[in-house]
Amino acid sequence: MAESFDILIKNATIVDGSGSPSFKGDIGIEEGKITKVGKIGEHGEIEIDAKDLIASPGFIDMHNHSDVAIMVNTSASNYITQGVTTLVTGNCGLSAAPLSKDSKELIDLIIPPQFKEKISISWTSFEEYLKEIEKAKPAVNIAPLVGHNTIRGYVLGLGDNELTSNGLNEMKELIREAMEAGAFGMSTGLIYDPGVFAETEEIIELAKVVAEYGGIYASHIRNESDLLIEATLEAIKIGKESGARVEISHHKASGDRNWGLVRTTLSLMEYYRRFGVEVTCDVYPYTYASTGLLYLFPPWTRDKGQEEFLRLIQKPEVRKKLKIELSRPSTTWENILLDAGFRGTVIAHSERFREYEGKSLMEISHLLQKDPYTLMFDLIAEDPHISVIVGGMSEEDVEFVISHRLSMIGSDGLVQEFGVGYPHPRSYGTFPRVIAEYVRKKKLLPLEAAIKKMTYLPAWKLGLQDRGLIKEGFVADIVLFDFWTVEDTATFMNPHSYAEGIKYVIINGEVALENGKLTKNKPGRVLRRWCYGNSAG
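Going by my numbering, the sequence shown opens with residue -14, and the numbers climb by one from there.
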């Protein structure tokens, strides 16, 4: 009797995620799993003729910030149209749990301003948070990390507060609870509050708990500018002394005086891997980053919390000191403003100053005929939650990191509300851009190598043993795209623009994108990591 599949993909060029050469074949899917790969003569309830299309595993976004956004915009349309099937959330030290409902500052830190009116906090523990995502029924898979900033803020508050042995033990227990709930590891954001105030030894002790579960330590390192090498060595030290597997987030060298240093840092990663430190990195294909305007200010202005910061920023003597400090390199903190300049610092989102979204600080300065430093101080005083896009990276460095064998791809973006604000275009275009720009146009690396960076490598790093490959027995997360037409269309001035060329996206065996159009299916799951890498939906 002829076999029948739930979905049968026919005549595809299969890039299976392993890095091996592509091959022609069919893919049979039953009950959410890939059950046959090769020449298949049977039929399927749904048949997709993939002639002239590439079939690859669904893309895994190794660095994403949709912890809360996915509950508001469950369709994740700006990611499904990129071919993304799994978002790794909780990055840069910031996860949506554990959370104290009484801590307004921590809630303000966790929930992006544009979503504050659309979501109410109904969870405290990490397990409760994951159950809330499951209730929301997202269209994509979510693979969560627990954030060190969230943990530290929960225990100590957001300022530069002393860590006691009791406080450290409480933080360890919260991380253990998150790992038991299924977190894939812990992240840090060591330029953000309150992680910026943490000593290396604190992070080592917390990462030891993560290592017990085989989890990863993903770090927005302490400095991506003048102290890039020192910060990279700190991340490696944390991995070496804790035993945790290290992932250096959105690896870059910021500021033209530092361009080229990524060659040194990647050589250091290669060197320490010889001694058993499992260190890799992720990267996005753009020369602009994104952050909060607040984090362009030195840590001493924020060490007593937001209320004290807002008081300080009004003082003439503090503004005078800041003008000097912001105009030169620092040996203690990352001066993002110096790297980007006022022309390269663009307002992405502001609840208070919508009219300035999409404009640089220099443009606004000219418009208001106001000194750009004074303008920045006045803006942050009125809206401390302004998000900005900042320049400072070189295309040559981006190309070097993308092509390196230790890198994988992450957008560093989040699920967007279409048409709201001027977000970084990476939220709409990261994965198609890698294929279009760096494979098809620049021929920087073969398609098979690029697909591996988007699929198998992140699955391997996370410990997802049944995703990331087109292989019999693996979960059917699959994307079909036209290699010759796939393209990112989002720009900095027109960021809300869906990618082109992605034809079908299948998630957990259900079609989420059909002929380039979103279906109403919401097949995503919360993925959980258990002790030794077993994943479950």
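Don't be surprised by glycine CBs; every beta carbon is placed ideally from N, CA and C.
Asked, Found
"Thinking C-beta only, is Leu353 closer than 8 Å to Leu360?", "yes"
"Per DSSP, what kind of secondary structure is Thr109 in: helix, strand or coil?", "coil"
"Where in the segment 182 to 234 do unbroken runs of the beta strand (DSSP E), each at least 3 residues long, occur, reported from the N-terminal end onward?", "201 to 205 and 230 to 233"
"Enumerate in chain order the residues of its own chain whose CB-to-CB distance from Glu342 is below 8 Å, with the five nearest sequence positions on each side excluded.", "Ile332, Ala333, His334, Ser335, Gly406 and Tyr407"
"In or out: Gly458 buried (at least 16 other Cβ within 10 Å) or exposed?", "exposed"
"List the DSSP bridge partners of Gly23.", "Asp11"
"Can you tell me the Cα-Cα spacing of Gly522 and Arg513, whole angstroms?", "Caution is warranted here: a pLDDT of 43 is assigned to Gly522, below 50, making its placement in the model unreliable, and no coordinate value can be reported."
"With respect to the alpha helix (DSSP H) encompassing Tyr489, which residues constitute its N-terminal and C-terminal limits?", "Element bounds for Tyr489: not the alpha helix (DSSP H) but the beta strand (DSSP E), Ile487 to Ile492."
"Measuring CA to CA, which of Phe(-10), Leu391 and Ile(-1) is closest to Tyr256?", "Leu391"
"Starting from Leu141, trace the alpha helix (DSSP H) in both directions and tell me its first and last residue.", "His133 to Leu141"
"In three-state DSSP terms, what is His28?", "strand"
"Three Cβ pairs or more, each shorter than 8 Å: is that satisfied between the segment 31 to 47 and the segment -11 to -1?", "yes"
"Roughly how many whole angstroms lie between the Cα atoms of Leu159 and Leu84?", "10 Å"
"Please report the straight-line C-alpha distance between Gly509 and Ser80, rounded to a whole angstrom.", "19 Å"
"What are the partner residues of Lys300, as DSSP defines its beta bridges?", "Paired residues: none, contrary to the question."
"According to DSSP, simplified to helix, strand and coil, what is Ala497?", "strand"
"Provide the residue span of the beta strand (DSSP E) that contains Ser372, from first to last.", "Ser372 to Val375"
"Going by Cα to Cα distance, which pick from Asn49, Ser88, Glu102 and Tyr269 is closest to Thr109?", "Ser88"
"Going by alpha carbons, who is nearest to Leu175 out of Glu319, Lys289 and Lys101?", "Glu319"
"Let me make sure I understand the geometry here. Which of His48, Gly144 and Glu102 has the alpha-carbon closest to that of Leu130?", "His48"
"Taking 6 Å as the limit between beta carbons, can you name the residues of its chain near Glu495, skipping five residues before and five after?", "Asn506 and Pro508"
"Please classify Ile219 as buried or exposed, where buried requires at least 16 other C-beta atoms within 10 Å of its C-beta.", "In the sequence as displayed, the identity of residue 219 is Glu instead of Ile. By the neighbour-count rule (16 or more Cβ atoms within 10 Å), Glu219 is buried."
"Do Thr276 and Ile321 have their CB atoms nearer than 8 Å?", "yes"
"Using the beta-carbon count (16 or more within 10 Å), is Thr524 buried or exposed?", "Here the chain has residues from -14 to 522 only, and residue 524 is not among them."
"Just verifying my parser: in three-state terms, what is the DSSP assignment at Ile176?", "coil"
"Are Lys456 and Ile106 touching if we call contact CB-CB under 8 Å?", "no"
"Taking the Cβ atom as the reference point for each residue, do Val73 and Asp93 lie within a distance shorter than 8 Å?", "no"
"Could you check the C-alpha separation between Leu115 and Gly132 for me, to the nearest Å?", "14 Å"
"Starting from Val247, trace the alpha helix (DSSP H) in both directions and tell me its first and last residue.", "Leu246 to Arg258"
"Rounded to the nearest angstrom, what separates Pro314 and Lys289 at their Cα positions?", "24 Å"
"So does the segment 236 to 250 actually touch the segment 379 to 398, counting three or more Cβ pairs closer than 8 Å?", "yes"
"Out of Ile206, Gly68, Ala54 and Asn151, which has the shortest C-alpha to C-alpha gap to Asn134?", "Ile206"
"Within the continuous beta strand (DSSP E) that includes Phe(-10), where are the two ends?", "Ser(-11) to Ile(-1)"
"State buried or exposed for Ser5, treating a residue as buried only when at least 16 other CB atoms are found within 10 Å of its CB.", "exposed"
"So does the segment 302 to 313 actually touch the segment 434 to 452, counting three or more Cβ pairs closer than 8 Å?", "no"
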